[in-house]
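**Q** All letters in the sequence shown, in the order written, are residues 714 to 829 by the working numbering.
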Amino acid sequence: MAEKFTQHTGLVVPLDAANVDTDAIIPKQFLQKVTRTGFGAHLFNDWRFLDDKGQQPNPEFVLNFPEYQGASILLARENFGCGSSREHAPWALTDYGFKVVIAPSFADIFLRQQLQ
């Protein structure tokens, strides 16, 4: 379980995309595990990498920009976490190192899973 806090200071990375679904957050091919760890390496896999093996970073994806390395706050757009119900999506965000996700709105099921 993630550590609870009431205040956080950290580097913010802006993800300029609305309606980011759980398939984009953690693609289905990485859902074989039922533990909460090990998913961060595959967070936004299809956007972060140009190859299927996750070895060739996409230089145009914001999480790969040097100035955002170590970011702990994800600033997203509306309807973040929409799509199918995947508890792995919040696990991937946490495992990657995000402590906070800020967005104008969240998909209901994603929000419930994120708060657990």
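We put the beta carbon where it would ideally sit given N, CA and C, even for glycine.
Let me know the secondary structure DSSP gives Leu824 once reduced to three states.
**A** DSSP places Leu824 in helix when its eight states are reduced to three.
**Q** Can you tell me where the alpha helix (DSSP H) with Leu806 in it begins and where it stops?
**A** His801 to Tyr809
**Q** Skipping 5 residues on each side, what residues in its chain have a beta carbon closer than 6 Å to that of Arg674?
**A** Because the chain is modelled from 714 through 829, residue 674 falls outside the range shown and cannot be assessed.
**Q** Return yes when the Cβ of Gly794 is within less than 9 Å of the Cβ of Ala754, no when it is not.
**A** Going by C-beta atoms, Ala754 is not nearer than 9 Å to Gly794.
**Q** Name, in chain order, the residues that DSSP records as bridge partners for Val775.
**A** According to DSSP, which records beta bridges pairwise, Val775 is partnered with nothing at all.
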